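In my numbering, the protein residues as written are 7 to 308. Think of the CB as a built atom: it goes at the ideal place given N, C-alpha and C, for glycine as much as any other residue. From a predicted model like this one, the values you see are computed outputs, not experimental measurements. See below for the structure under consideration.
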């Protein structure tokens, strides 16, 4: 049981099950955007995207949309698109040229289950599928879809996640201070989480002020997510994490826990949760799910 309580745990689990079904259908051999896909490539895409993970980013899209009156069905295509991009990034991140991992979500990574070339192509295909899923989401206003596609392109690309991954690789050979580490983490991890929070407001047609507030909330919990991940890499084992532990230090990864220590990190996580909750104060009890999400992100054990 997480520190956020069983109600939140159940909501997250239900959302993950719903997303598993949506992704399974989107990655079906006869799905509109997948028809004609080579069998081995499709199998690798499904291996990389299905059967595992917290599905936190899709949950955040749903929760932020719900805050402004949009239901999970309307949010589903955007949530699924975001998860496709997240999964593609993991498939590529696990490759020997990147972080060189053999285990993901408690099972072999895609390049181990198939081969490196197939893993690269599977990641490429998941990335491009994401934009088709948003474009085809006819329940969402056309202008909102264009805004979502443009924002998703930025946050997942060179100015966002991919740029952050490039900085992360460069940092293995450099000394970084706190501002540089925060910038890298805001791009590598925070960009997609910020998108998730803002996306719900966009697809629900919320005012610009609400979009900005939700985006800032996403930026804060994005940093908390990475801090918690880095702390877990130092303190948890592979069986708990479902992936290799202790690799950050071995590879010379630059993290704030490595820079400041575990006690500082726990204090900073608590501060970030308080800031995130304060941002949501204007929404009252309606924002409780998002507040619980911030607590889960910061205080999870895996």
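Non-local C-beta neighbours of residue 82 in its own chain, meaning closer than 6 Å and more than five positions away in sequence, comprise 28, ordered along the chain. Pairing residue 89 with residue 110 gives a Cβ-Cβ distance that is not under 8 Å. Excluding sequence positions up to five before and after residue 138, its CB lies within less than 7 Å of the CB of 39, all in the same chain and listed in chain order.
In this structure residue 120 is in contact with residue 50, their Cβ atoms being roughly 5 Å apart against a cut-off of 8 Å. Look at residue 114 here: in three-state DSSP terms it is strand.
For a cut-off of 8 Å, the C-beta gap from residue 229 to residue 201 is around 14 Å, too long to register as a contact.
When the alpha-carbon of residue 75 is set against those of 266, 277, 215, 293, the nearest one is in 293. Apart from the 5 residues on each side of it in sequence, residue 145 sits with its Cβ closer than 6 Å to the Cβ of 80 in its chain, given in chain order.
Under DSSP, residue 109 shares a beta bridge with 114. In the assembly as shown, residue 135 is a buried residue. Its beta-carbon has 16 or more other beta-carbons within 10 Å. Of 131, 259, 307, the smallest CA-CA separation from residue 41 is found for 131. Check the Cα spacing between residue 206 and each of 198, 197, 217: the tightest is with 217. Excluding the 5 residues flanking it on each side, residue 154 has same chain C-beta neighbours closer than 7 Å at 84, 140, 205, 208, 209, in chain order.
Residues of the same chain with a CB within less than 8 Å of the CB of residue 46, apart from the 5 flanking positions on each side, are 120, 124 in chain order.
In the three-state DSSP reduction, residue 213 falls in the coil class, being neither helix nor strand. Nearest to residue 58 by alpha-carbon distance, out of 14, 44, 115, is 115.
A direct Cα-Cα distance of roughly 36 Å separates residue 53 from residue 212.
Just so you know, the alpha carbons of residue 31 and residue 183 end up roughly 45 Å apart. Judged by DSSP in its simplified three-state form, residue 83 adopts helix.
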